[in-house]
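What follows is a set of notes on a single structure, which appears directly below.
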């Protein structure tokens, strides 16, 4: 059973990647299943049948292991259906181990499960998680996550120190990967181009003085359609719930289109939905009754997903490009 926070995280991840939320795409469900598998001591139990004879059957631990194998087989984040995803070290190591050892092929069939061999494999996986190499990778992952969350909190703390609230608009640059090129090359060329435009795009956005932009941040995403996405969050101040928006000049969008769209089939869109459709409105006011819930969802979208999944390596997927109030 997932906590409310874990369920939100799973929903946000599938929203970003444009996949349905189910047992195959819920990484938190896979992580919970893995933790249970690591505690397995046996796969079978026995009970007497109607004739009084002992009869063996697969216990709940074995069924859980087979369910995890099915999840890892069907998960697009771990089976290379969508390349370039980097899942958390524990999941990555477990998925690779299950593929290499054959555990990935387990089915809930008593006659085709070698209990001793499977238990030995689980113990081997347990030992992998005790190695210095794995510990170092997990520490680095967690440290970068803490730094990312600190960056998010500082960014919005500065904005809310100067304003009772803020509005968010999103400018989205989509970079389709060429299916006729080798996957790694298609990704690297589009990614390098997209990243190289970040600072220039941010400058175009905040240089539009009429909008009084407080900050610009970017989220690096990838969809199930093999489309790189750079989602630029444009933050403007808000005084009251009924104040007119400070974001009134959209002329800068054409300048960004001229910068991005002549290359490949790239597109630039000023979104009309908020937080990729997860928020009903884009107004954040400190004294609003739903402010805490809004901020929790915003934090989950911008930085919370990185605790489970990143793109193209272990680098964070969120970056602050401009803050009016930074020292």
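Numbering (the working numbering), first residue to last: 14 to 340. Ideal placement from N, C-alpha and C gives every residue a C-beta, glycine not left out.
### Query
To the nearest angstrom, how far is it from the Cα of residue 165 to the Cα of residue 276?
31 angstroms
### Test item: CB-CB of residue 79 and residue 38 under 8 angstroms
Contact flag unset, no.
#### Entry: Paired residues, beta bridge with residue 283 - DSSP
184
### Query
Who are residue 354's beta bridge partners in DSSP?
Here the chain has residues from 14 to 340 only, and residue 354 is not among them.
### Query
Can you give the beta carbon distance from residue 247 to residue 218, rounded, assuming they're within the 8 angstroms contact cut?
6 angstroms
### Task
Please state if the CB of residue 53 and the CB of residue 126 are separated by a distance shorter than 8 angstroms.
The answer is no: Cβ separation not under 8 angstroms.
### Cβ contact check for the segment 193–205 and the segment 291–303: 3 or more pairs under 8 angstroms
no
### Query
Whose CA, out of 319, 334 and 336, lies closest to the CA of residue 328?
319
### Query
Candidates 182, 92, 43 and 326: which alpha carbon is nearest residue 261's?
182
### Task
Ignore the nearest five residues each way along the sequence and tell me which others in residue 43's own chain have a CB closer than 6 angstroms to its CB.
In chain order, 84 place their CB closer than 6 angstroms to the CB of residue 43, counting only its own chain and leaving out the 5 sequence neighbours on each side.
### Message
For residue 314, report the span of its beta strand (DSSP E) as first-last.
### Response
Residue 314 -> not in any beta strand (DSSP E); alpha helix (DSSP H) instead, spanning 304–315.
### Message
Restricting to runs no shorter than 3 residues, where is the beta strand (DSSP E) found entirely within the segment 86–114?
### Response
Those beta strand (DSSP E) runs which fall completely within the segment 86–114 and span 3+ residues are 98–100.
### Message
Here's a check: name, in chain order, each residue in its chain whose Cβ is nearer than 6 angstroms to the Cβ of residue 108, leaving out the five neighbours to either side.
### Response
If we look at residue 108 and ignore the five residues flanking it on each side, its Cβ neighbours are 85 and 91.
### Query
Which residues in the same chain have their Cβ closer than 6 angstroms to the Cβ of residue 138, if we skip the five residues on either side of it in sequence?
Taken in chain order, the residues that qualify are 110.
### Task
Assuming residue 151 and residue 103 form a contact by the criterion Cβ under 8 angstroms, report the distance between their Cβ atoms to the nearest whole angstrom.
7 angstroms
### Query
Going by DSSP, what residues sit across from residue 323 in a beta bridge?
According to DSSP, residue 323 shares a beta bridge with 99.
### Task
Tell me whether the beta-carbon of residue 50 lies closer than 8 angstroms to the beta-carbon of residue 106.
no
### Task
Could you check what DSSP says for residue 179 in three-state terms: helix, strand or coil?
Strand.
### Message
So within the segment 33–76, which uninterrupted alpha helix (DSSP H) runs reach at least 4 residues, ignoring any that extend past its ends?
### Response
40–50
### Query
Should residue 281 be labelled buried (16 or more other beta-carbon atoms within 10 Å of its own) or exposed?
buried
#### Entry: Strand pairing of residue 235, partner residues [DSSP]
241
### Coil, strand or helix - residue 260 by DSSP
Coil.
### Message
Just to confirm the assignment, what range does the alpha helix (DSSP H) spanning residue 206 have?
### Response
Unbroken alpha helix (DSSP H) run through residue 206: 196–209.
#### Entry: Neighbour-count burial assignment, residue 233, 16 or more Cβ in a 10 Å radius
Under this definition residue 233 is a buried residue.
### Among 221, 322 and 249, the one whose alpha carbon lies nearest that of residue 268
221
### Query
Helix, strand or coil: how does DSSP classify residue 143 here?
coil
#### Entry: Beta-carbon proximity of residue 187 to residue 279, cut-off 8 angstroms
yes
### Residue closest to residue 56, alpha-carbon to alpha-carbon, out of 36, 124 and 98
Nearest option by C-alpha distance: 124.
### Task
Check the C-beta distance from residue 168 over to residue 250 and give it rounded, since I have them as a contact under 8 angstroms.
Rounded, the Cβ-Cβ distance is 14 angstroms, inconsistent with contact.
### Message
What does the alpha-carbon distance come out to for the pair residue 132 and residue 293?
### Response
49 angstroms
### Per DSSP, the bridge partner or partners of residue 296
180
### Message
With a threshold of 8 angstroms on Cβ separation, who are the neighbours of residue 47 within its own chain once the five nearest residues in sequence on each side are excluded?
### Response
These residues qualify, in order along the chain: 81, 103, 104 and 107.
### Task
Using the DSSP secondary-structure output, state which residues sit across from residue 189 in a beta bridge.
Per DSSP, 240.
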